[in-house]
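Quick notes on the structure that follows.
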Amino acid sequence: MLSARAQKIKPSPTLAIDSRAKAMKASGVDVINFGVGEPDFDTPDNIKEAACKAIRDGFTKYTPVGGIDPLKDAIIKKFHVDNGITYQREEIIVSCGAKHSLYNVAQALYGPGDEVIIPSPYWVSYPDQVLLNDAKPVFVQTLEKDSFMLKPEALEAAITDRTKSLILNSPSNPTGMLYDKKTLEKIAELAVRHNFYVISDEIYEKLVYGNAAHISIASLHDEIKARTIVINGLSKSHAMTGWRLGYAAGPADVIKAMTNIQSQSTSNPTSVTQKAAVEALNGPQDFVSVMRSEFDRRRTFIVRGLNTILGMHCMAPNGAFYVFPHTASIYGSRFHNKTVASSTDFALYLLEEAKVALVPGDAFGDDNYLRISYATSLEDIRKGIERIRQAVQNLMPAT
Ligand code: PMP
Ligand code: GLU
26 MLSARAQKIK PSPTLAIDSR AKAMKASGVD VINFGVGEPD FDTPDNIKEA
76 ACKAIRDGFT KYTPVGGIDP LKDAIIKKFH VDNGITYQRE EIIVSCGAKH
126 SLYNVAQALY GPGDEVIIPS PYWVSYPDQV LLNDAKPVFV QTLEKDSFML
176 KPEALEAAIT DRTKSLILNS PSNPTGMLYD KKTLEKIAEL AVRHNFYVIS
226 DEIYEKLVYG NAAHISIASL HDEIKARTIV INGLSKSHAM TGWRLGYAAG
276 PADVIKAMTN IQSQSTSNPT SVTQKAAVEA LNGPQDFVSV MRSEFDRRRT
326 FIVRGLNTIL GMHCMAPNGA FYVFPHTASI YGSRFHNKTV ASSTDFALYL
376 LEEAKVALVP GDAFGDDNYL RISYATSLED IRKGIERIRQ AVQNLMPAT
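Using my numbering, the first residue of the sequence shown is number 26, and each one after it goes up by one.
Shown next as structure tokens:
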């Protein structure tokens, strides 16, 4: 018999769709994969070379659990330069991916009776990580008309004396929304007044477009910094998804608890990856702006394309590499004898009939939308949009 905890958990839907699309591709099906959030760029050569050198130098043993000092120092420098925040080594932990840092925070902070506020739509792993620690996710719906930004009034209404933390994600997966300073200030004021933690997942901070600027809530003032655990990592900024390197910064007592938990589970992140991460953070950064410019081009293209498909509309996001088109107007239409009644039905229809893999909005807590990752070539985006257009045209309208 499995534990009650294991029975509460489902597999990550984003990873599940990616596996399915990759398996279809491997069996010869021409699938356009808009499913997973993974840069299609290769990890830059200087980073790979740092890893090769680490292997050649025999840097292949256990390291300190929470990361080697040169990497912690590179992370401290990053926070100082990019976010204007000062941390000490004991306020930093390096983990096996940002997902692992998030998991460590959840283990360190949550228990039975605790409530964790999660603005919806949310990234898929947040609720399950809360459930895995016997706490309760409390969802607060955000709306497209507010650019999917959490309204401070809505947050205030959800706060109880059991509120342990709020999970913020800016830029956001799945909507691409970016919080503005005024909203962050109001949220910070509520966190300080009601004394709860803010988990600020900033993994897409380097992918911000136009005049928008990323602001870390922890940079606002010391009182909110003392209650914030910032999560970040190299998967997206340096195209290093497979290397598994993320990190967290926050109050020393929380970081110490996370490090103890990590010491009893994974131990240190891979030694070789840590050396590569030092190079990623301290080495040349031109790669990041090249990648960002390319994503920006694709963003403009995909938003324009999707908005020409009957029944869809798509907000132009100012961060990350996702679009979140509204698709509910299409629900109720039919293909042969089947009704497309939900985002899951629609995503399955598009996978089977159009060979386009994407993630139903339902996985992110909003059935009215689909999530499309545009971290794929412009050519594939062009093809994918045309396939979706054709598939929508093949549907019989709702009667
Ligand atoms: N946070 C968000 C919002 C994400 O989209 C992801 C997915 N990559 C992660 C955290 C985890 O990233 P990783 O574990 O690859 O560092
Ligand atoms: N975060 C990425 C996504 O949302 C990768 C998948 C995952 O880690 O769940 O697609």
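Note that CB positions come from ideal geometry on N, CA and C, so glycine has one too.
Simplified DSSP state of residue i, which is helix, strand or coil
{"i": "N343", "result": "coil"}
{"i": "R187", "result": "coil"}
{"i": "K363", "result": "strand"}
{"i": "R81", "result": "helix"}
{"i": "V93", "result": "First, the amino acid is wrong: residue 93 is Ile here, not Val. Coil at I93, not helix or strand."}
{"i": "V156", "result": "The identity of residue 156 in the sequence shown is Leu, whereas the question assumes Val. L156: helix per DSSP, three-state reduction."}
{"i": "V61", "result": "coil"}
{"i": "E440", "result": "Residue numbering for the chain in the displayed model covers 26 to 424; residue 440 lies beyond these limits and cannot be assessed."}
{"i": "A29", "result": "helix"}
{"i": "G267", "result": "helix"}
{"i": "I355", "result": "helix"}
{"i": "F389", "result": "helix"}
{"i": "Q415", "result": "helix"}
{"i": "I228", "result": "coil"}
{"i": "K211", "result": "helix"}
C-beta contact flag for residue i and residue j at 8 Å
{"i": "M427", "j": "R359", "result": "The requested residue 427 does not occur in the structure, where the chain is confined to residues 26 to 424."}
{"i": "Q287", "j": "V90", "result": "yes"}
{"i": "S292", "j": "I256", "result": "no"}
{"i": "N362", "j": "A99", "result": "no"}
{"i": "I101", "j": "Y272", "result": "no"}
{"i": "S8", "j": "A345", "result": "Residue 8 cannot be examined here, being either before or after the span of the chain that is shown, 26 to 424."}
{"i": "I34", "j": "L157", "result": "yes"}
{"i": "V141", "j": "K189", "result": "yes"}
{"i": "G62", "j": "G258", "result": "no"}
{"i": "V165", "j": "A179", "result": "yes"}
{"i": "L403", "j": "R323", "result": "yes"}
{"i": "K261", "j": "R317", "result": "no"}
Through-space distance from residue j to residue i, alpha-carbon basis
{"i": "Y87", "j": "G235", "result": "43 Å"}
{"i": "A79", "j": "V297", "result": "6 Å"}
{"i": "Y399", "j": "F59", "result": "6 Å"}
{"i": "L331", "j": "Y147", "result": "22 Å"}
{"i": "Y347", "j": "V233", "result": "12 Å"}
{"i": "K124", "j": "S150", "result": "8 Å"}
{"i": "V303", "j": "A75", "result": "8 Å"}
{"i": "M337", "j": "Q415", "result": "13 Å"}
{"i": "I410", "j": "K73", "result": "34 Å"}
{"i": "R407", "j": "V381", "result": "12 Å"}
{"i": "F326", "j": "T333", "result": "11 Å"}
{"i": "A264", "j": "V315", "result": "12 Å"}
{"i": "E378", "j": "S354", "result": "19 Å"}
{"i": "R269", "j": "A423", "result": "45 Å"}
{"i": "E319", "j": "Q310", "result": "15 Å"}
{"i": "D405", "j": "A372", "result": "17 Å"}
{"i": "D370", "j": "T39", "result": "16 Å"}
{"i": "V365", "j": "M49", "result": "22 Å"}
{"i": "S28", "j": "A274", "result": "32 Å"}
{"i": "V5", "j": "A238", "result": "Nothing can be reported for residue 5, as the shown portion of the chain is limited to 26 through 424."}
{"i": "A388", "j": "I42", "result": "11 Å"}
{"i": "S126", "j": "T352", "result": "33 Å"}
{"i": "M174", "j": "R252", "result": "21 Å"}
{"i": "Y229", "j": "L203", "result": "10 Å"}
{"i": "T167", "j": "E210", "result": "18 Å"}
{"i": "V328", "j": "N343", "result": "11 Å"}
Residue-chain proximity (residue i, chain C), Cβ-Cβ < 8 Å
{"i": "H239", "result": "Protein chains in the displayed structure number just one, and chain C is not present."}
Any non-hydrogen atom of the ligand ADP closer than 7 Å to residue i Cβ
{"i": "D278", "result": "Here the bound small molecules are the ligand PMP and the ligand GLU; the ligand ADP is not part of this structure."}
Secondary structure, alpha helix (DSSP H): runs of 4+ residues fully inside the region 279-336: Runs found: 296-307 and 311-331.
Chain-ordered residues, beta carbon under 5 Å from a heavy atom of the ligand GLU: Residues with a Cβ closer than 5 Å to any heavy atom of the ligand GLU, in chain order: S37, T39, L40, V61 and G62.
Residues surrounding the ligand PMP [beta-carbon distance to nearest heavy atom under 6 Å]: Going along the chain, the residues that qualify are G62, G122, A123, K124, W148, N194, N198, D226, I228, G258, S260, T266 and G271.
Every unbroken alpha helix (DSSP H) inside the region 232-261 [4 residues or more]: Runs of the alpha helix (DSSP H) inside the region 232-261: 247-250.
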